[in-house]
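Comments concern the structure below.
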Amino acid sequence: MHENSRTSFVKLLAVMGSPRKGGNTDALLDEFIRGFRAGGGKAEKACIGDLNIAPCRAFMDCERTGECAIADGMQALVARMRAADRIAIASPIFFYGLPAQLKAAIDRGQYLWARTHCLQIAPPDEKQACVLLLGATKGENLFRGSLLTLKYFLEPLGLRIAGKLLYRKVDRPGDIGRHPSALAEAFRAGKNFAHRGERR
593 MHENSRTSFV
603 KLLAVMGSPR
613 KGGNTDALLD
623 EFIRGFRAGG
633 GKAEKACIGD
643 LNIAPCRAFM
653 DCERTGECAI
663 ADGMQALVAR
673 MRAADRIAIA
683 SPIFFYGLPA
693 QLKAAIDRGQ
703 YLWARTHCLQ
713 IAPPDEKQAC
723 VLLLGATKGE
733 NLFRGSLLTL
743 KYFLEPLGLR
753 IAGKLLYRKV
763 DRPGDIGRHP
773 SALAEAFRAG
783 KNFAHRGERR
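Going by my numbering, the final residue of the sequence shown carries number 792, and the count climbs one at a time with no gaps.
And the structure:
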């Protein structure tokens, strides 16, 4: 069933990128996780606001060493991402971009980029990611920049965005629960994600 024949389930790390627990983003991700578990997978959640990740200081050591000079929660997050078979990242959109807490982690991913592009260390074998984004407005380009940012953050980890759930006009507390289809879609997407690419 799983890429690693020693286990019988697919492991998901679900990254909650909102600084606020219990909100729309958290609720949507929880439903995705519930679906993933219903599909036979094993899931854990990492809330980005709990991880003590400092912003990038542009020391540039990473281009020489392939490692970040700042030791904090970033290294543990990356280790968890590498250990998982699938990744889900959920985030609200703030001013047409990702929240500062999540963006700090992404910027710190420069050392992963340096390993691939400066030191020519091949990224891991490809794995799949799913992105869940919520925004308050209905703008046509609401998600475009954030999707590109996430794509290039994930690439050095060998992660390809294989699924997207994008919801506009989700702003006030509880809006995601009032959406006519979002939670059901998240559950179904999570359930499908637990089986995607499985070997029989």
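We put the beta carbon where it would ideally sit given N, CA and C, even for glycine. Only a predicted model underlies this, so the values are computations on that prediction, with no experimental measurement involved.
Note to self: With three or more beta-carbon pairs closer than 8 Å as the criterion, would you say the segment 776-790 touches the segment 639-646?
What the structure shows: Contact between the segment 776-790 and the segment 639-646 is absent: fewer than three C-beta pairs spanning the two stretches fall below 8 Å.
Notebook entry, point to check: DSSP three-state call for residue 702: helix, strand or coil?
Noted result: Position 110 of the sequence shown, counting from 1, holds the residue named residue 702. Residue 702: helix per DSSP, three-state reduction.
Next item on the list: Examine the Cβ distances between the segment 766-784 and the segment 733-747 and report whether three or more of them are shorter than 8 Å.
Entry: No, they do not touch.
Next item on the list: Express the C-alpha separation of residue 622 and residue 681 in angstroms, rounding to a whole number.
Entry: Taking the sequence shown and counting its residues from 1, the one referred to as residue 681 is at position 89. Taking the sequence shown and counting its residues from 1, the one referred to as residue 622 is at position 30. Their backbone Cα atoms lie some 11 Å apart in a straight line.
Checklist line | C-alpha gap between residue 728 and residue 656, whole angstroms | finding: Within the sequence shown, residue 728 is the residue found at index 136, counting from 1. Within the sequence shown, residue 656 is the residue found at index 64, counting from 1. About 41 Å.
Note to self: Taking the alpha helix (DSSP H) that residue 773 belongs to, which residues open and close that run?
What the structure shows: Taking the first residue of the sequence shown as position 1, residue 773 is located at position 181. Unbroken run through residue 773: none, as it is neither H nor E.
Margin query: Suppose the cutoff is 7 Å on Cβ atoms and the five residues either side in sequence are ignored; what does the same chain contact list for residue 703 look like?
Written below: Indexing the sequence shown from 1 puts residue 703 at position 111. Answer for residue 703: 654, 658, 659, 660, listed in chain order.
Notebook entry, point to check: Under 8 Å between the Cβ atoms of residue 696 and residue 645?
Noted result: In the sequence shown, residue 696 corresponds to position 104, counting from 1. In the sequence shown, residue 645 corresponds to position 53, counting from 1. At the C-beta level, residue 696 and residue 645 come within 8 Å of one another.
Margin query: Within a Cβ cutoff of 6 Å, which residues of the same chain sit near residue 694, ignoring the five residues on either side of it in sequence?
Written below: Position 102 of the sequence shown holds residue 694. Contacts found: 609, 640, 683.
Check: Over what stretch of residues does the beta strand (DSSP E) that includes residue 634 continue unbroken?
Finding: Translated into the one-based positions of the sequence shown, residue 634 becomes position 42. Residues 634-639.
Check: Any heavy atom of the ligand NAD within a distance shorter than 7 Å of the CB on residue 736?
Finding: The ligand content of the structure shown is nil, which means the ligand NAD is not present either.
Check: Helix, strand or coil: how does DSSP classify residue 654 here?
Finding: Here residue 654 refers to the residue found at position 62 when the sequence shown is read from its first residue. Of the three classes helix, strand and coil, the one that applies to residue 654 here is helix, per DSSP.
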